[in-house]
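Some notes on the structure that comes next.
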Amino acid sequence: GAVVSQHPSWVICKSGTSVKIECRSLDFQATTMFWYRQFPKQSLMLMATSNEGSKATYEQGVEKDKFLINHASLTLSTLTVTSAHPEDSSFYICSARVPGQGNYGYTFGSGTRLTVV
Amino acid sequence: AQKVTQAQTEISVVEKEDVTLDCVYETRDTTYYLFWYKQPPSGELVFLIRRNSFDEQNEISGRYSWNFQKSTSSFNFTITASQVVDSAVYFCALIGGTGGFKTIFGAGTRLFVKA
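What follows is the structure, encoded as structure tokens:
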């Protein structure tokens, strides 16, 4: 149980376009989701926390107008990279808090590799 | 502040060797959880273990074992008789209340297992 499906697995887009990444909780309700970014050979850095029905909370240094996060339902959170540029190329991964495990149980999506050309 | 340090950036071993990945953490919380994840080249994070701060028992799962020592704030991971399929990046992580219950990842250790 507690599976998060993330799509797409990889995407190539042209500079200046927008890209949407989806994370769906398949068998549970995800009231809280987290979005991470990982540059090559680096660790995962938290970008933002989203709670269903409210605005996302962004970490310091993350441009909220560039990385739009929507968590409109208990099973879906989306990250939209707006006006993407080559420096936005990265691996993006979502995580959801698993009900019943308090504040310490999380499951991760499989990640999206974004390449902006 | 909460912090996870994985001092080993890369480790290279020959198949069947044992290898230990180090993890040192910092937190002011009395209740916290520690994790290890494996990230193969495909990118997904594979959950390996979760350990709470009140359980210092070492754990063994097949070829994997974990040594949790609160006295030294360490949570080390040993792979016995390593295999090529163990080649991946391994992340140690921490969750605690003073960090807002967000997962704090270490920098990761890249393990190469050569045949």
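Residue numbers (this note's numbering), protein chains in the order written: chain Z, 1069 to 1185; chain H, 15 to 129. Every residue, glycine too, gets a C-beta built ideally from N, C-alpha and C. For clarity, every value in this text was computed on a predicted model and none was experimentally measured.
Query                                                                                                                     : Result
8 Å Cβ cutoff, F82/H in contact with chain Z                                                                              : no
Segment limits, beta strand (DSSP E) that includes N81/H                                                                  : 78–83
Through-space distance from E70/H to P1108/Z, alpha-carbon basis                                                          : 34 Å
Given Q22/H as reference, the closest of G113/H, V103/H, I109/H once Cα atoms are compared                                : V103/H
Cα-Cα separation, E1155/Z to Q1074/Z                                                                                      : 22 Å
Validate contact between the region 88–95 of chain H and the region 27–35 of chain H using beta carbons, cut 8 Å, 3 pairs : yes
Check whether Q1106/Z and L1114/Z have beta carbons under 8 Å apart                                                       : no
Beta-carbon gap between V1166/Z and G1177/Z smaller than 8 Å                                                              : no
Cβ neighbour criterion (16 or more within 10 Å) applied to D1095/Z                                                        : exposed
Chain-ordered residues of the region 110–124 of chain H with a beta carbon less than 7 Å from chain Z                     : F115, K116, T117, F119, G120, A121, G122
Member of V1184/Z, S1093/Z, T1100/Z, T1150/Z whose CA lies at the smallest distance from the CA of L1136/Z                : T1150/Z
Minimum Cβ-Cβ distance from G1084/Z to chain H less than 8 Å                                                              : no
Burial state of H1139/Z (16 or more Cβ within 10 Å)                                                                       : buried
Proximity below 8 Å, CB of K128/H to CB of V28/H                                                                          : yes
Beta carbon proximity, S1111/Z to chain H, threshold 8 Å                                                                  : yes
Beta carbon of M1101/Z nearer than 8 Å to that of S1157/Z                                                                 : no
Residues within the region 97–108 of chain H neighbouring chain Z, beta-carbon criterion of under 8 Å                     : F105
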